[in-house]
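In this note's numbering, the protein residues as written are 322 to 638.
Right, one structure below, let's go through it.
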C-alpha cells in the first residue's frame, strides 16, 4: 500500500510540475492572414506585451489562405498543450466553417481564450462622389437599382455581410464587387472602378486625411470617437452593425491552467501602453471578453451569421 501511495505521489508531482512549468518551450501564435494586415499587426502587438511572461519565447507565424481557415485549421489540429495557438478574426471562426468543409465547425471545436480588439466598418466613397451623405447615397441607389457598384473585401467576409444587411434593411439593389482585401479595394475606389467601398477604420485614414475618400456612415451601434461626425446606419434607421473581433484561440482540450495562463498574460498585455497606442493608431477598440460567457457570446454570433448566410444561399455546412 505504501509503495502504491508513493507511486501515486510521484505521478501527481510529475503532472503538477509539468503544469507549473508551462511554458517550458517556445509558443507559436498563428496569424492566418498575410503580414502587414490588421490581423497580423494585432497579433504582433498583443504578443509583444506577452513576451515577458514567456521566457522561452513566443512568436507570430503567418499561415495564410482560405479566408484564414488554413491557419486556424492548423491550430485546431495541433496538440492541445498551449504551444500552438492562434489569433483570428471572428469571421474566420464562425463564417468560414459554415461555407466550407473545415476541421473546425462551431465554437465548441476550439477553446476561446480571450478577445483583444473589436471594430466596426464604414462605407466610404471617392472624394469626388456626388453624394455628400449616406441618405443621398441610399436614395441614389433606390433611384438607380442595380447600377451602383459597391466593393467589399470578399464573399462571406464581414464587409460583405454588412453590405447585404444594409441592402436588406434599406431595400436597395447594388452590384457587389468582391476584392481580395483592403489594398485591392482601395485602388479600385480611388480609380473610380467602384462607386463605394466598405473599409476598416484606420486603414482608410490616410486617404481620408488626404481628401481622396469620404466616409458616409458606419456599420456600428454607436458613433466612433475617431469619427464623431460620421453617423451610424442605425441612426438612419438601418441596424446593420456586424462587428469584427480578434481573439486568441487554442486547440480544444487545452488544459484549463494553460488557458488561464495565456488569458491572464494577454489581458495584462492589453493594459500595456504599447498596446494602447496601437489600438488608438489603428482607430479600433481594446475589447476584453473572456471566461465562460465568452463561448456563449461566440455561439450567439455564430447563430446570427447562420441566419444571414442561409438567406444569401452561402451556408453549405
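Beta carbons: idealized from backbone N, C-alpha and C, even for Gly.
None of the values given here were measured: they were computed from a predicted structure.
- In this structure, what does DSSP give as the bridge partners for residue 497? Working through the chain shown from its first residue, we reach residue 497 at position 176. According to DSSP, residue 497 bridges with 471.
- Message: Cutting at 7 Å between CB atoms, please list the residues of its own chain near residue 483, excluding the five before and the five after it.
- Response: Residue 483 sits at position 162 when you count from the first residue of the chain shown. If we look at residue 483 and ignore the five residues flanking it on each side, its Cβ neighbours are 442, 519, 540, 561 and 563.
- Near residue 439, which residues of its chain fall below 6 Å by C-beta distance, leaving aside the five closest residues on each side in sequence? As a position in the chain shown, residue 439 is number 118, starting the count at 1. Cβ neighbours of residue 439 beyond the five flanking positions: 564, 566, 606 and 608.
- Message: Quick check: what's the CA-CA separation for residue 361 versus residue 389?
- Response: Here residue 361 corresponds to residue number 40 of the chain shown, with the count starting at 1. Here residue 389 corresponds to residue number 68 of the chain shown, with the count starting at 1. Cα-Cα distance, rounded: 11 Å.
- Query: Looking only at C-alpha atoms, which of 558, 530 and 555 sits nearest to residue 547?
  - Reply: Start at 1 with the first residue of the chain shown, and residue 547 comes out as number 226. Residue 547 has its Cα closest to that of 530, out of 558, 530 and 555.
- Quick one: Cα of residue 364 to Cα of residue 408, how far? As a first step, residue 364 is located in the chain shown; it is residue number 43 there, counting from the start. As a first step, residue 408 is located in the chain shown; it is residue number 87 there, counting from the start. Taking the straight line joining both Cα atoms gives about 6 Å.
- Compare the Cα-Cα distances from residue 387 to each of 424, 381, 469 and 557 and report the closest residue. Sequence index remark: in the chain shown, residue 387 carries index 66 (1-based). With distances taken between Cα atoms, residue 387 lies closest to 424.
- Message: Can you look up residue 441 in the DSSP assignment and give me helix, strand or coil?
- Response: Here residue 441 refers to the residue found at position 120 of the chain shown. Three-state DSSP puts residue 441 in coil, outside helix and strand.
- My understanding is that residue 358 touches residue 596, with C-beta atoms under 8 Å, so please give their C-beta distance in whole angstroms. The count along the chain shown starts at 1 and reaches residue 358 at position 37. The count along the chain shown starts at 1 and reaches residue 596 at position 275. That belief does not hold up - the Cβ atoms of residue 358 and residue 596 are roughly 18 Å apart, past 8 Å.
- Task: Report the residue from 469, 448, 507 and 464 whose alpha carbon sits nearest the alpha carbon of residue 532.
- Result: Within the chain shown, residue 532 is the residue found at index 211, counting from 1. That would be 448, whose Cα lies nearest to the Cα of residue 532.
- Task: Please confirm whether residue 419 and residue 630 have their CB atoms less than 8 Å apart.
- Result: Locating residue 419 in the chain shown gives position 98, where the first residue counts as 1. Locating residue 630 in the chain shown gives position 309, where the first residue counts as 1. Yes. Within cutoff.
- Message: When you compare the CB positions of residue 433 and residue 348, do they come within less than 8 Å of one another, or not?
- Response: Counting from 1 along the chain shown, the entry for residue 433 is found at position 112. Counting from 1 along the chain shown, the entry for residue 348 is found at position 27. Remark: C-beta atoms of residue 433 and residue 348 do not approach each other more closely than 8 Å.
- Query: Could you give the residue range of the alpha helix (DSSP H) that holds residue 396?
  - Reply: As a first step, residue 396 is located in the chain shown; it is residue number 75 there, counting from the start. From DSSP, the alpha helix (DSSP H) with residue 396 extends over 390-398.
- Message: Does residue 611 come out as helix, strand or coil in the three-state DSSP assignment?
- Response: Reading the chain shown from its first residue, position 290 is the one you call residue 611. Residue 611 falls in the strand class under three-state DSSP.
- Item | Pairwise C-alpha distance: residue 554 and residue 538 | For this step, residue 538 is matched to residue 217 along the chain shown. For this step, residue 554 is matched to residue 233 along the chain shown. Those two C-alpha atoms are separated by around 6 Å.
- Task: Would you identify the three-state DSSP class for residue 334, choosing helix, strand or coil?
- Result: As a first step, residue 334 is located in the chain shown; it is residue number 13 there, counting from the start. Only weak support is given to the placement of residue 334: the predicted model assigns it a pLDDT of 46, under 50, and the value that follows is read from those uncertain coordinates. Here residue 334 sits in helix by DSSP.
- Evaluate residue 501 with the Cβ neighbour count: other Cβ atoms within 10 Å of its Cβ, from every protein chain shown; 16 or more gives buried, anything less gives exposed. Within the chain shown, numbered from 1, the residue matching residue 501 stands at position 180. Exposed is the call here.
- Helix, strand or coil for residue 430, going by three-state DSSP, please let me know. Reading the chain shown from its first residue, position 109 is the one you call residue 430. DSSP places residue 430 in helix when its eight states are reduced to three.
- Query: Any idea what DSSP makes of residue 527, helix, strand or coil?
  - Reply: As a first step, residue 527 is located in the chain shown; it is residue number 206 there, counting from the start. Residue state, collapsed to three classes: helix.
- Task: Counting only the same chain and skipping the five closest in sequence on each side, list residues whose C-beta sits under 6 Å from that of residue 523.
- Result: The residue given as residue 523 occupies position 202 in the chain shown. Answer for residue 523: 603 and 604, listed in chain order.
- How about the stretch 447-462 and the stretch 612-623: do they share at least three Cβ pairs that are nearer than 8 Å? no
- Go ahead and label residue 638 buried or exposed: buried means 16 or more other beta carbons lie within 10 angstroms of its beta carbon, across all protein chains shown. Locating residue 638 in the chain shown gives position 317, where the first residue counts as 1. Exposed, by the Cβ-count rule.
- Message: Among 396, 528 and 578, whose alpha-carbon lies nearest the alpha-carbon of residue 431?
- Response: Numbered from its first residue, the chain shown carries residue 431 at position 110. Here the closest residue by C-alpha is 396.
- Task: Identify which residue in 552, 474 and 589 has its Cα closest to the Cα of residue 521.
- Result: As a first step, residue 521 is located in the chain shown; it is residue number 200 there, counting from the start. Nearest option by C-alpha distance: 474.
- Would residue 573 be called buried (16 or more neighbouring beta carbons within 10 Å of its own) or exposed? Locating residue 573 in the chain shown gives position 252, counting from the first residue. So residue 573 counts as exposed.
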